[in-house]
Structures are given as C-alpha cells and as structure tokens.
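Below is one structure; the comments refer to it alone.
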Amino acid sequence: MLSTGQKRWIDMTQTQLVEPAIVEAEGGGTEHIWPLPVGKADLLKLLHLCFDEYWDEIWFGTIIQGAAWEVVAPNAPKKISVADGYATVDFGRWHFHLCIGNHVGAPRELRKIRQCSRAELYRFFGRDGDPSSWGVRLFNGRDEQMMTVLLPNPFLTNDQQIRAEPAWEQLELWDRLRSEFLGLGPDPLDRTGSRITCG
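So in UniProt numbering, spot 31 of the sequence shown is number 31, and the numbers just go up one at a time.
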C-alpha cells in the first residue's frame, strides 16, 4: 500500500487497469485510484461529460491540505473550447482554463509543467471502511493539483445536505466514467456504504 507522502507515479497510458492502487489518505481512510488517459481528446471528452451533462450535480475546484474549493457551476457551459492546448470551460460570466494539450506559447520547461500529466478517478473510504466519496483529479507536470471534480454523491443532496437514505442513482456519472475510460462496469462495492465520512 502506498502512502500519500510517497510520489505516486502510475503509467498514465494504461487505461484498462482493473485493480486500483490503494493509497492511505493523509487525514485517515483510504483511496482507490485508477489512472485515466491524459491525451487531449480524452481530457476534452472528460470535461464535456462532466460539465455539459452533469454541471448541476458536480462540485469542482482544488482540494489540498488546508483548502477546499467546492464550486458549483452557475449554469451549463455556454462553450467548451481548446486553443493552444488550453481547454476553456466558459459559463458566460466567468470561465476557467486547463492545459490539456500541446501548448506552444511558452518556453519548453513551462510547457512541460503546465500540461496535465496525470489524471485519476478516485473512490474514498472513510475510517469505517465504507466508500463515501467519488471524484476525478487532474495534475500538471509538477504533480500539482489542477482540479478536482467531486462527483454526485449518494449520501448528499445537490445542495450538500445529508440524505436520510442513500440515493444510489447518484453514482451514474461515476459508473459512466468507469465504463467510458476504464472499460469497467458498475462495482457493487460502491453501493455498500450507509453514510458520508470525511478524512
């Protein structure tokens, strides 16, 4: 088992990994991590799936020790486009950029740092051993987090209130991402928890 204190370099070209890496989370609990492909077309497809189809069910931002930005999109994106390697997800009043492809507008060393070099699907297990959170993370060439997408959660409503009973249909996007990018079907383990737990 790897600890998060160790560098986790996983071959990102491998898309059919069935068994996830199991990592101890710094705040307690564990994560199951599956690498995702980081080609421009794959990352653009990921952005379209999450933001075009599930924009009102996800939260996104950066989540690092000491800070968690859990942003909700104000509306569906007016446009998702790519220019000079940067994807722009434009909501109208505001937008964000992610470098997902070859970027020529900077020196070579900066280009290596800016571009997404690692992407992963993760499933978090709390101290009770049950899965309680699902998401996607992107990292740049310096292994800094670019973005986390918190996927719809069966234990939370769309305004992050705790549900009395799990709503397993909330795992639809998780199941689609597993199918689309890993060739995996739904995992019964995802539907075994009874409440959300934080690390």
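We treat Cβ as the ideally placed atom computed from N, Cα and C, and that holds for glycine. Quick caveat, the model's predicted, so the values are computed rather than measured.
Among the options, which residue has its Cα nearest to the Cα of residue i?
i	options	result
N158	M147, V71, S179, A25	V71
R127	L47, A67, I58, E31	E31
A68	F96, F181, L150, E172	L150
S179	W34, A73, P77, P166	W34
V136	L49, G185, R111, L110	L49
H97	R108, L110, S81	S81
P186	P107, V23, R93, R123	R123
H103	N140, A73, H95, V23	N140
F181	V23, K45, E19	K45
W94	P74, P188, V23, P166	P74
Y54	E172, P188, L189	E172
I100	E109, P107, G92, L138	L138
Who are the near neighbours of residue i in its chain, counting only those whose CB is closer than 6 Å to its CB and skipping five residues on each side?
i	result
G105	D84
I196	S132, F155
R142	I113
R111	H103
G92	K78
At what residues does the beta strand (DSSP E) containing residue i begin and finish?
i	result
W34	30-36
I113	Per DSSP, I113 belongs to no beta strand (DSSP E); it is in the alpha helix (DSSP H), 108-114.
R176	Note, R176: premise wrong, no beta strand (DSSP E); alpha helix (DSSP H) at 172-177.
R137	131-140
I22	21-24
H97	95-99
Just to confirm, does residue i get its C-beta within under 8 Å of one of the non-hydrogen atoms of the ligand FMN?
i	result
L49	The ligand content of the structure shown is nil, which means the ligand FMN is not present either.
Residues in the same chain with beta-carbon distance under 7 Å from residue i, minus the five sequence neighbours each way, listed in chain order, please.
i	result
K79	D90
Q170	P152, N153, P154
A164	none
I58	C50, V149, L150, L151, P152
L189	P131
How close, in whole Å, do the beta carbons of residue i and residue j come, if the pair is a contact with beta carbons under 8 Å?
i	j	result
D130	G183	Actually they are not in contact, since the Cβ atoms of D130 and G183 sit about 25 Å apart, beyond 8 Å.
R191	W174	That belief does not hold up - the Cβ atoms of R191 and W174 are roughly 11 Å apart, past 8 Å.
L177	L121	6 Å
D52	P77	6 Å
L47	A87	6 Å
Which residues bound the alpha helix (DSSP H) around residue i?
i	result
K45	40-47
Apart from the five residues on each side of it in sequence, which residues of its chain come closer than 8 Å, Cβ to Cβ, to residue i?
i	result
V162	First, the residue type needs correcting, since residue 162 is Ile and not Val in the sequence shown. The residues are F155, L156, R195, I196.
D11	Reliability fails at D11, whose pLDDT of 41 lies under 50, so the model's placement of it is uncertain and no value is given.
P107	none
Closer than 8 Å is the cut-off here; do at least three beta carbon pairs connect the segment 114-132 with the segment 30-48?
yes
Tell me whether the segment 135-152 and the segment 54-65 touch, counting them as touching only if at least three CB pairs, one residue from each stretch, are closer than 8 Å.
yes
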